[in-house]
Amino acid sequence: MTSVTELDLPAFDYSAPDLTGEVYHRRLAETRERGWLARGPLSYVVLDREAGEFFLRSRATAFPGREIADLFGVTAGRLREQIDANVLNQTGDRHRRLRALVGPAFTPRAADRWRPVMREFLTRLWDTTTGSGDFVRAVARPYPSMTIAAVLGAPVEDAPRLHEWSNLVQRQFDVRALSTELPRIETACAEVHDYVEALLAERRADPADDLLSALLAASGAGDRLSHAECVNLVVNVLAGGVDTTQAQLAHALRLFAAHPDQWALLAGDPAGRAPAAVREVLRFEPITPFTARICAEPVEFRAVGFPAGSIVAICAARANRETTDGDRFDITAERDGRALTFGAGAHYCLGANLATAELEEALAFLAPRMPGLRADGPAALGGVEGIYQVESLPLTWS
Ligand code: HEM
């Protein structure tokens, strides 16, 4: 067995300023040609699916949220409390218990219940569009926060505030933001906690048919959710459920604007083709291109030893393309293997069913209404080290 520290690995800098769009995928593909493992600024980078799944599913690894926080001096305060309590940073029995308690609220059937509300929001947003403009501002940005407001049982007028908080709290995973925007992130953490506390108090007095009431029903005595766990889970759902879906929907429209034949296919059978279209978008352009694991103990994989404390970034963006003709965007292709876009193993995305339903509803709604979809100028793309955002997406259609 060779220690990873002795290997001569290619460098891959996931925080390089020019790493976006086609440059990013090209650089990933070039690095992958040199092997399955690369060296990044703070971690090793795993580039293939089998290795990615191994590190995500291993019981000897954990999400390195606390370690990253330490590295950036986030050792106390509201953000640190949030990081310590985040479900993603829990392990073993504690994590299993939390997932078992909230799982029933996130099944495919539970997500399906919200589809009529999603369609209503899409109609409302669509009515303000004119035939061209920035798709992010018009639909991709407001839609997920309206949906999360409904799912949580918060007033839909609060959606813009939820969006703002989600965006900032989510930056705890973005190493660049941690070094430049810490005070804003801290403030957002405090505000969102106070907001969720107030919402829970309201719902406790007046239960309804929403996620908050379901979580409150799961809290109480014994092995149930504690109050603090309940508040934190709501914050996790809020933070994890807005920016992510926004980015994925914006990338979807960006991809379809560049592939008019695929868009026309979808428009021909929106309800029938939307599930495959969403799977292909998620595979081809995952908005969480990298997630990370730290080895809690020495780990061996493919005769390479990773000492305890090693951090690995798992690259879904490259792993997902390890399939026949994987660099081609094609909503009709039969793909082998699972995409890593929602992760794998114990921390597999809690909101995957909800996100998938939101994306399916959006694509099925939009495709027949936007014939002749095309770019109306260049898209402004974000960096790839946190959530791969589309800042603006000028589109036009006939
Ligand atoms: C396209 C949209 C989304 C993508 C690509 C995505 C991606 C991910 C990934 C990759 C993970 C696992 C991270 C890891 O293991 O290191 C994850 C976890 C998580 N996601 Fe999502 N997500 C999306 C939407 C959502 C939504 C809508 C919600 C909430 C309703 C949500 C809530 C969560 C939570 C709470 C976790 C932590 C689960 C745990 O630690 O057990 N996500 N997500």
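Take the position in the sequence shown, starting the count at 1, then add 63; the result is the number in the numbering used here. Glycine included, each C-beta is placed from N, C-alpha and C at the ideal position. Just so you know, these numbers come straight off a predicted model, no measurement behind them.
Whole beta strand (DSSP E) runs in the segment 81-122 with 3 or more residues, listed along the chain? 100-102 and 107-109
For S276, which three-state DSSP category applies? helix
Assuming contact is defined by CB atoms lying nearer than 8 Å, are L110 and V447 in contact in what I supplied? no
Residues sharing a beta bridge with V453, DSSP: L444
Check this for me: beta carbons of V375 and Y87, under 8 Å apart or not? no
For T459, which residues does DSSP report across the bridge? S195 and R437
Which residue marks the beginning of the alpha helix (DSSP H) containing R356, and which one marks its end? Taken as a continuous stretch (DSSP letters only), R356 belongs to no alpha helix (DSSP H), being part of the beta strand (DSSP E) at F353 to C358.
Same chain only: Cβ atoms within 8 Å of A132, ignoring 5 sequence neighbours per side: T138, L142, R143, I146, Q235 and L241
Residues near A371 by beta carbon distance below 6 Å, same chain, minus five either side: C358, E360 and P361
Tell me, please, which residues DSSP counts as bridged to G368. S66 and E363
Identify the continuous beta strand (DSSP E) that holds C540 and give its terminal residues. Because the chain is modelled from 64 through 461, residue 540 falls outside the range shown and cannot be assessed.
Would you report the Cα separation of A366 and S66, rounded to the nearest angstrom? 9 Å
From A201 to T419, what does the alpha carbon distance come to, in whole angstroms? 20 Å
Assuming C252 is part of the alpha helix (DSSP H), what are its boundary residues? L245 to A268
Spatially closest choice to L164 from G103, R129 and S289, by CA coordinates: S289
Can you confirm whether M209, when its beta carbon is compared against all beta carbons of chain C, has any partner nearer than 8 Å? The question asks about chain C, but that chain is absent: this structure has only one protein chain.
Would you mind reading off the limits of the alpha helix (DSSP H) that contains P223? A222 to V232
Option nearest A379 by Cα separation, candidates V219, T354 and V300: T354
Contacting residues, own chain, Cβ-Cβ under 8 Å from P218 (five flanking each side not counted): A212
Could you round the C-beta distance between G296 and V150 to whole angstroms and report it? I think they count as a contact, below 8 Å. Rather than Gly, the amino acid found at residue 296 in this sequence is Leu. Contact holds; Cβ gap of about 6 Å.
Is any heavy atom in ligand 1 found nearer than 7 Å to the beta carbon of H410? yes
Those residues which DSSP pairs with S282 across a bridge: L288
Three or more beta-carbon pairs under 8 Å between the segment 299-314 and the segment 408-424, yes or no? yes
Heavy atom of ligand 1 less than 7 Å from the Cβ of I350, yes or no? yes
Output needed for G406: all residues of its chain with C-beta closer than 7 Å, excluding positions within five of it in sequence on either side, in chain order. L119, T354 and C412
Between F279 and A430, how many whole angstroms is the CB-CB distance? I'm expecting something under 8 Å. It is Leu, not Phe, that sits at residue 279 in the sequence shown. Incorrect: roughly 39 Å between the Cβ atoms, too far for contact.
Between the segment 115-129 and the segment 254-273, do at least 3 Cβ pairs fall closer than 8 Å? no
Would you tell me roughly how many angstroms separate the C-alpha atoms of M209 and C293, rounded to the nearest one? 21 Å
Counted within 10 angstroms of its Cβ, other Cβ atoms place T124 as buried (16 or more) or exposed: buried
Quick check: A427 and A337, are their CB atoms within less than 8 Å of each other? yes
If the criterion is Cβ atoms closer than 8 Å, does the pair W189 and R437 meet it? no
Extent of the continuous alpha helix (DSSP H) to which R159 belongs: G155 to V165
For A313, the three-state DSSP class (helix, strand or coil): helix
Would DSSP call T124 helix, strand or coil? strand
Consult DSSP for A74 and reduce its assignment to one of helix, strand or coil. strand
Where V137 falls: helix, strand or coil (DSSP): coil
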